[in-house]
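With UniProt numbering applied, the sequence shown corresponds to residues 1 to 1069, in that order.
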Amino acid sequence: MFSPVDEKKQLANIEKEILTYWDEIDAFKTSNKLAEGRPEYIFYDGPPFATGTPHYGHILAGTIKDVVTRYAYQTGHSVPRRFGWDTHGVPVEHEVDKMLNIKDKTVIEKEMGIGVYNEKCRSIVMKHQQDWERVVRRCGRWIDFVNSYKSMDVTFMESVWWVFKQLWEQDNVYCGVKVMPYSYGCGTPLSNFEAGLDYRSVSDPAIYIAFKVPGKDFEVIAWTTTPWTLPSNLILVVNPKMKYAKFVDNATGKKYITMKCRIPSLYPPKAKDAFKILEEMDGQDLVGIEYEPLFPYFANWKEHGAFKIYTADYVTDDSGSGIVHTAPGFGEDDYGACLKHGIITRDGEIVCPIDDNCCFTEEVPDYKGVFVKDADAQIMDRLKKEGRLIKKETIKHEYPYCWRSGTPLIYRCIPSWFVRIEKHRELLIENTNNTHWVPNSIRDGRFIEWLKNARDWAISRNRYWGTPIPIWTDDAKSEFYCIGSIKELEELSGVTGIKDIHCHFIDQITFKSPKTGNVLHRIPEVFDCWFESGSMPFSQFHIPFSGMEWRQADFIAEGLDQTRGWFYTMTILSSLLGHPSPFKNVIVNGLIMAADGKKMSKKEKNYTDPELIMDRFGADAVRLYLTNSPACHADPFSFKDDDVAMIVRQTMLPWMNSIKFWVEQVIRHGNNFKRNTELAYSSENILDKWILSKINRLIQHVHREMGLYQLYNVLPELVKFIDQLNNWYVRLNRDRLKKGKDAETGIAVLFEVLLQLSLLMAPFAPFFAEYAYQHLKPALPESEQLQSIHFVMLPSADEKHIDSVIERRVELMQSAILIARLVRDKKKIPVRRPMKAITIVCSPEVKEMVHDLTNYITKECNILEIDYETDEKKYVQFSAVPDGRLLGKRLGKQLKEVREALTKIPFEKMAEIYDKAIHAKQNGQPAPEFEVAGVTVNTDEVDVTRSLVGLDENKFFGGVDGEVVAFVDISVSKEIEEMNVAREIRARVQAARKALGCVPTDKVKIYIEVQGENDVTAVLARREEQHIKTNLEFPINLGKSAAGEEMFGGKTYEDKIGDVVVTVTLVKA
1 MFSPVDEKKQ LANIEKEILT YWDEIDAFKT SNKLAEGRPE YIFYDGPPFA TGTPHYGHIL
61 AGTIKDVVTR YAYQTGHSVP RRFGWDTHGV PVEHEVDKML NIKDKTVIEK EMGIGVYNEK
121 CRSIVMKHQQ DWERVVRRCG RWIDFVNSYK SMDVTFMESV WWVFKQLWEQ DNVYCGVKVM
181 PYSYGCGTPL SNFEAGLDYR SVSDPAIYIA FKVPGKDFEV IAWTTTPWTL PSNLILVVNP
241 KMKYAKFVDN ATGKKYITMK CRIPSLYPPK AKDAFKILEE MDGQDLVGIE YEPLFPYFAN
301 WKEHGAFKIY TADYVTDDSG SGIVHTAPGF GEDDYGACLK HGIITRDGEI VCPIDDNCCF
361 TEEVPDYKGV FVKDADAQIM DRLKKEGRLI KKETIKHEYP YCWRSGTPLI YRCIPSWFVR
421 IEKHRELLIE NTNNTHWVPN SIRDGRFIEW LKNARDWAIS RNRYWGTPIP IWTDDAKSEF
481 YCIGSIKELE ELSGVTGIKD IHCHFIDQIT FKSPKTGNVL HRIPEVFDCW FESGSMPFSQ
541 FHIPFSGMEW RQADFIAEGL DQTRGWFYTM TILSSLLGHP SPFKNVIVNG LIMAADGKKM
601 SKKEKNYTDP ELIMDRFGAD AVRLYLTNSP ACHADPFSFK DDDVAMIVRQ TMLPWMNSIK
661 FWVEQVIRHG NNFKRNTELA YSSENILDKW ILSKINRLIQ HVHREMGLYQ LYNVLPELVK
721 FIDQLNNWYV RLNRDRLKKG KDAETGIAVL FEVLLQLSLL MAPFAPFFAE YAYQHLKPAL
781 PESEQLQSIH FVMLPSADEK HIDSVIERRV ELMQSAILIA RLVRDKKKIP VRRPMKAITI
841 VCSPEVKEMV HDLTNYITKE CNILEIDYET DEKKYVQFSA VPDGRLLGKR LGKQLKEVRE
901 ALTKIPFEKM AEIYDKAIHA KQNGQPAPEF EVAGVTVNTD EVDVTRSLVG LDENKFFGGV
961 DGEVVAFVDI SVSKEIEEMN VAREIRARVQ AARKALGCVP TDKVKIYIEV QGENDVTAVL
1021 ARREEQHIKT NLEFPINLGK SAAGEEMFGG KTYEDKIGDV VVTVTLVKA
């Protein structure tokens, strides 16, 4: 038995009922059990931090993952879906630091204790777990939370150790000193890709400083945007190939050397005769010149070759003075230049006089304890008093900030452990080239370019809450030993029963070196949390300790920012451990902005909470909105609540109406329908053949595009099909399915289409697909009635039922109907008033194709006649407009000649070009070429269109839609007026049925009372005449109902037709 569809029930309430149903049948777990033994589809879920609640970005990525994995399941795969949590690292520590108002690492190490601090981190790391589970469940995503992996689990951490030891044994790990972006807000260095996550526009000082040259009559002018680094200056560098000059400042008489082309930048724009060039030289000629240090703090470095001019190719002529101040402790280029010229060595001392909070140490006593950026002003004031400050400017530029603490990063030299990347770039690129990205431009552009310039990866963090780096060393740091498992640590140390390997549990464990007998203790650093998440293809399965082996994921998906995050670190670790890329396919989603185009902000309250949106419109609508957005091909887009509402109106409700209509007809015809595929596909009805062709073409399209992971090409066609189904097939077949001779056939056809549509929609809109299936399921044989639509395999296209000719015929018919609707709308002709005739201007071929569909056109448009005019020249005018964007570059000035020649092409030739273009488009062929003004162009480069001409607009009106040109006779006769009144009467009867509580299956007897003589009584008096009878549709009795007849609703229904009062009584027949 079939139950009616309650159209008044809110979609969100339907979804909550479905969630309850899924819980009752344990749907996700049951689906996995049913899939046992199938080929496995491997999916890796990128682990989010649980320290915050899920936002639209998470919902977007989660929806994409759910769509693809549901599709994989319903195409015959077993699809394990395991949630993961990123539980370590700076994000967690930052939350604790804010909570406890910790400003300095010494508070943790000396007052609180690392153990207490780490346990506090552990206690808060999963504080939003329930929020995540609730929101993910409400979104309709099926994923295993019970067996989720966490990076703080000892099994996960042990695998991280093992991964690291493989790198260690490959000699891919080293300890070095490197200039790195350092977050004083979090007290740790960041990797290069982390440093790129948050750039902000800032203003900084840009100053020109004069350095004294002993024994010479000139000074050299250098430039910097970081005055606070000047106390650490060791050398100046010039470009050896560029021109420099010695000049005299005419105002002071002082002589300076700087890059020749940069001298004017020292003076105001309108200054004339401000300086005079005395001598020119190459940069190379300046090499070796000694200068006096600005500050005395590191004067002893002179014996290492400091305080001289050297060369550097990175010096440019587009800014500054062409002489660059160099402090190796605070710049990567600076470090490289000093290393190259022997001022410093890789394993030697370096000038870097700041502490963990980026305040000066006692090495710079004048500024001890001063934060470096705050020291800028003090240093500039000092240089000004000493006559060293030549010019001060302010520049606005993009500068990196810590993505967690929001503090500016300080580039400084830091001892760190590194994984070698630079020597493996080709391997990383080769593995990446064997993967499929959506969009592929992200792989070939952003990601590959990043790999081409990838630097050795700093993996150590001077923090506490993370997987400890498993390196043990002696007090002198003369040897290092890497541990790869808990068992190995227990065997070497004699400590047994190790259950937790966070640093506060293992840092007290020592052992003797197997080589030297020295007592070894662990180094203090922990892993960068990106190293942990990058190792998840191993660590989530406790490889190798579990006996499982590394496997390549079939699919992953995350946001664009992960090209320098998770995608990157996974690629590194899998590749360096001898595997291909960790994933075969990846969908990269773009950033979701607020409706105002700005970043979504809880503080600004510029977006609606996702749960409120889902309660208002339903999760399915949100899912459809997100997966049909530019974000699915890595572009940003603005989330607008009204657009979600539009999805409900244009997609969800029409889909529901189609289901509702089908169920009503099944109940009308006895409520005992059983699926009859043979009957459906044997139908000779052209609209049946058309909709079956369309659904099979849609199935074909969905499988093709999902195979390419191009979700953005799938959903538009699904949405378009729902429109075609509801607004065309159901609308044109409504009467036939209610009471037609072949209603059974139509119902069978509609069932096939609704079932297959619901299956195709299931990965995208899992709630309503389930709701639809539960209403359709009773029609299936019991053996095929599964508990959930999500257990049912998706259909395959039956190509023999795809009929391009029928599809084109119906498309032509639709165009004619759309033109007629346009006429009615533009001329404000009432819907119930018939129009006299429509004339379709077309070729004999098109006439032949449309002719059999005349009844649909006349009935749908409420038009009395249909005519054809095959002499198109009477009413059609062609125009051909060249696309300047496409042809401009190729043709140049000749474009004007082509544009003029296009206006002179004969009608017959234009018709031929137009027909060829239509044919090519329909068959997926290249745009046809033609010659004009001696140039070959095609119909992509020239827009060929048709327009309607030659009409008496007082009597006729029309237009063009697709291939069809048509016009309507809009004149009104007496017969048309009478038919209009008959339709108005019929409308009042239908309104009465609804108001008085009739259902479609009720049999009724109709009485109508009308007072006085008027158009309505005149039409009713002649109700047996054919043109009136046809438009009334059902027998009507005049006057009141007879005594004793049972009235529906216990009352009459009263309404007006114009000024005429009409009373309708419905009694049981």
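Glycine residues also receive a C-beta, built at the ideal position from the N, C-alpha and C atoms.
Evaluate residue i with the Cβ neighbour count: other Cβ atoms within 10 Å of its Cβ, from every protein chain shown; 16 or more gives buried, anything less gives exposed.
i                  : result
alanine 816        : buried
tyrosine 1007      : buried
serine 973         : exposed
phenylalanine 1034 : exposed
asparagine 628     : buried
glutamine 170      : exposed
histidine 502      : buried
proline 328        : buried
glutamine 1011     : exposed
aspartate 456      : buried
threonine 516      : exposed
methionine 99      : exposed
glutamine 665      : buried
aspartate 97       : buried
Quick one: Cα of residue i to Cα of residue j, how far?
i               : j                 : result
serine 581      : threonine 571     : 6 Å
aspartate 204   : phenylalanine 156 : 44 Å
proline 468     : aspartate 356     : 20 Å
valine 702      : valine 714        : 6 Å
asparagine 923  : arginine 70       : 32 Å
isoleucine 459  : aspartate 723     : 54 Å
threonine 1001  : lysine 739        : 11 Å
cysteine 842    : tyrosine 21       : 55 Å
methionine 1047 : isoleucine 976    : 33 Å
leucine 679     : aspartate 688     : 11 Å
asparagine 657  : threonine 870     : 39 Å
proline 610     : alanine 595       : 14 Å
Looking at the structure shown, is residue i part of a helix, part of a strand, or coil, going by DSSP?
i                  : result
leucine 902        : helix
phenylalanine 1034 : coil
valine 841         : strand
threonine 252      : coil
serine 574         : helix
proline 928        : coil
alanine 206        : strand
isoleucine 1057    : strand
tryptophan 450     : helix
alanine 222        : strand
serine 947         : strand
methionine 706     : helix
asparagine 713     : helix
Between residue i and the ligand GDP, is the CB less than 7 Å from at least one heavy atom?
i           : result
proline 795 : With respect to the ligand GDP, the structure shown offers nothing to examine, as it has no ligands at all.
Please confirm if the segment 779–795 is in contact with the segment 817–837, defined as three or more CB-CB distances below 8 Å between the two stretches. no
Whole runs of the beta strand (DSSP E) within the segment 226–291, excluding any shorter than 3 residues: 235–238, 243–249, 255–259 and 275–282
Completely contained beta strand (DSSP E) runs for the segment 84–150, where each covers 3 or more residues: 144–150
Indicate whether the contact test is met: 3 or more Cβ pairs, each with one atom in the segment 690–704 and one in the segment 794–803, closer than 8 Å. yes
Continuous alpha helix (DSSP H) assignments of at least 4 residues falling wholly in the segment 952–999: 974–995
For a minimum of 4 consecutive residues, which ranges assigned as the alpha helix (DSSP H) are wholly contained in the segment 157–218? 192–195
Three or more C-beta pairs closer than 8 Å, one from the segment 96–112 and one from the segment 494–511: is that the case here? no
Identify every run of the beta strand (DSSP E) within the segment 799–884, keeping only runs that are complete inside it and at least 3 residues long; order them along the chain. 835–841, 863–869 and 876–882
Could I get the ranges of all uninterrupted alpha helix (DSSP H) runs contained in the segment 497–570, with 4 residues as the minimum, in chain order? 503–506, 529–534 and 536–539
Runs of alpha helix (DSSP H) lying entirely within the segment 715–759, each at least 4 residues, in chain order: 731–739
Is it true that the segment 879–890 meets the segment 933–951, where meeting means three or more beta-carbon pairs spaced less than 8 Å apart? yes
Would you call the segment 890–897 and the segment 854–868 touching, i.e. three or more CB-CB distances under 8 Å? no
What ranges does the beta strand (DSSP E) occupy inside the segment 389–417, keeping only unbroken runs of at least 3 residues that lie completely in it? 389–400
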